[in-house]
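Encoded as structure tokens, the structure appears first; notes follow it.
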Amino acid sequence: MASYSTTLLPLVLLSCSLVWLLLWIFVHPLRKIPGPFWARRTSLWKVYHVYRRDLAFAIQRAHEKYGPVIRIGPNHVNFQTRDAIGPIYKAGSSMPKTKFYDAFTALHPNLFSTRDEEFHKMRRRQMSHSFSMATLLKFEGRFGKHLHRLFANIEQQPEGQVFDLKESVARYAYDVISDLAFEKDLNTQSNPEANELPPIPDHILIGTMYGMVASLLPYSIRIGNKLPIPSLQKLLQSRKLLSQKASEYVNDAIEDHKAGEKETLLDNLLEAKDPSTGAPLTPAEVSSEAFAFLVAGAHTTSATLGLLFYHLLHNRYAAEKLTEELNANVPLYNEGGKEVSYSGLESKLPYTMACIKESFRITPVFTMPLPRLVTDPNGVDINGFHIPQGTAVSMISQALHHDPQFWGGDHDQYIPERWLEDAISFNEIMPFGIGHRACIGRNIASINILKVLCALWRNFEIIPVDKYEKLEINSLGVDEKKGPLLCTARKRQM
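Heads up: the sequence shown runs through residues 1 to 494, numbered per UniProt numbering.
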């Protein structure tokens, strides 16, 4: 009898597996949507590619192979064409965020991570004034203070001295963002040996990985936090230290706000009231927004600048045209004793803006899938496919920005002229997201990127150490150039 049972059990298990597989192949409501073999069967396909730091490119390759609509999870469909933007990201509460975003809640639900649409509306109203262009231009002196440090650090180097331009702009970004948010100087530019950069990429990596497995296990985040894996625990410790630092900054900001001593971007939140109780936000709630702002504001800006400078330093024609335009419209940094104001700068520099837009397009920084949940009991129709209730739908900028049907066969080439000759709208790309959930900090990024590019490119001749360096991307969901961007610089005289 034991022998018979031992023989029968594997056969039963095999039969059940085959039945499950056949049902999955022939009955699953998404069975007609193509995609990578393992992606259609398990979300671990996404986790694997996040671990390899190439998820955005894996999805782009899958679109190239299978078409504009693919499955990247058993119940997750990704779209490549701009026709899908409206149904997914402009449908409001009928397309809420999925559990993926829970992994980015380090302290308390914040503007980015919350899945509660009413909470999101309330918090965005509370924060929108602080992030308006009019408000930010009142802080232009703070941008200038840290830009002057960046300028001075490069100017004071001996001619021919090799430095990492990517790290230089990263230190600028962290200093200016912390100053805007808390009026606290991280001082990473002036004293880099004593002040390490915050471990923001670690938070992004662990958030993206946990977000991908949220649909696999109900308690995946709690389980993951306890796994005795050294590399995982190191990432978690980095996130903990970052959240503690944000809380420390917020506590100081609260005391300064009470004393009326400082003016920061958090002031509106510190004065905001809960609409239900009339109570002010708790320190934990403010810290959560500050944490998200530090992550999104600093890292995305520094990563964008690093990639922008890479493209310009490795595209001679674009570099020459940029130099010509800046020389004609922007004075040298110290002429007149002050920096150039941001106001009106964009309209005077069409080619410069085209260079920035093309960098946003060819190497978008925010590349994680931004999934939304189909909640309509009748499902929705997107790009000719019927998507049933309970399915996650998304787009990624990497695939959208490289759609050959729209951008043509040269989509993988850095060509700023495409924005001028073809009069392409900036709305054709989504570097800051899209719809009512778009990044609230896009104005800060716009100011930082244009001011830094103008100041450095106008005043220095920057030369890459490796003129033939092949670009490699560290794709964490918020992407950046892999490795340093080694350069030398010499002062321009006219």
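All residues carry an ideal CB built from backbone N, CA and C; glycine is no exception.
- Of the candidates 412, 440, 391 and 173, the residue whose Cα lies closest to the Cα of residue 401 is 412.
- For residue 108, no beta strand (DSSP E) segment is defined, and its DSSP state is neither H nor E.
- Note on geometry: alpha-carbon atoms of residue 333 and residue 390 lie some 55 Å from one another.
- Taking the C-beta atoms as reference points, residue 492 is found no nearer than 7 Å to residue 326.
- Close CB contacts of residue 76 within its chain, under the 6 Å cut and outside five residues either way in sequence, are with 392 (chain order).
- Per the C-alpha coordinates, the member of 376, 130, 109 and 104 positioned closest to residue 443 is 130.
- Per DSSP, reduced to three states, the secondary structure at residue 301 is helical.
- For residue 53 against residue 475, the beta-carbon gap comes to about 5 Å, under 8 Å, which counts as contact.
- Going by DSSP, residue 34 is part of no beta strand (DSSP E) at all; its letter is neither H nor E.
- Secondary structure at residue 119: helix, using DSSP grouped into helix, strand and coil.
- Secondary structure at residue 78: strand, using DSSP grouped into helix, strand and coil.
- For residue 439, the secondary structure class from DSSP, reduced to helix, strand or coil, is coil.
- Looking from the CA of residue 342, the closest CA among 84, 147 and 94 belongs to 147.
- When C-alpha distances from residue 245 are compared across 286, 259 and 272, the shortest belongs to 286.
- Relative to residue 473, the option among 191, 123, 170 and 306 whose CA is nearest is 306.
- Taking every protein chain shown into account, the CB of residue 297 has 16 or more other CB atoms within 10 angstroms, so this residue is buried.
- Per DSSP, reduced to three states, the secondary structure at residue 87 is helical.
- Shown here for residue 357: same chain residues with a beta carbon closer than 7 Å to its own, the five before and five after excluded, namely 419 and 426 in chain order.
- Fewer than three pairs of CB atoms, one per stretch, sit closer than 8 Å, so the stretch 380-390 makes no contact with the stretch 351-369.
- Our two residues, residue 386 and residue 74, have alpha carbons roughly 15 Å apart in a direct line.
- Judged by their CB atoms, residue 56 and residue 36 are not nearer to each other than the 7 Å cut-off.
- For residue 89, same chain residues with a beta-carbon under 6 Å away, outside a window of 5 residues either side, are 434 and 435 in chain order.
- Comparing alpha-carbon positions, the option among 150, 160 and 162 lying closest to residue 191 turns out to be 150.
- Note on residue 156: under 16 other CB atoms within 10 angstroms of its CB, so exposed under the neighbour-count rule.
- Looking at the DSSP output, residue 175 sits in no beta bridge, so it has no partner there.
- Residue 135 carries a helical assignment under DSSP once its states are collapsed to helix, strand and coil.
- Looking at the DSSP output, residue 381 shares a beta bridge with 386.
- Rounded to the nearest whole angstrom, the CA to CA distance from residue 142 to residue 65 is 48 Å.
- When only Cα atoms are considered, residue 403 and residue 397 end up about 10 Å apart.
- Remark: C-beta atoms of residue 347 and residue 369 do not approach each other more closely than 7 Å.
- DSSP places residue 393 in the strand class (E or B) of the three-state scheme.
- Distances from the alpha-carbon of residue 488 to those of 175, 375 and 166 put 166 closest.
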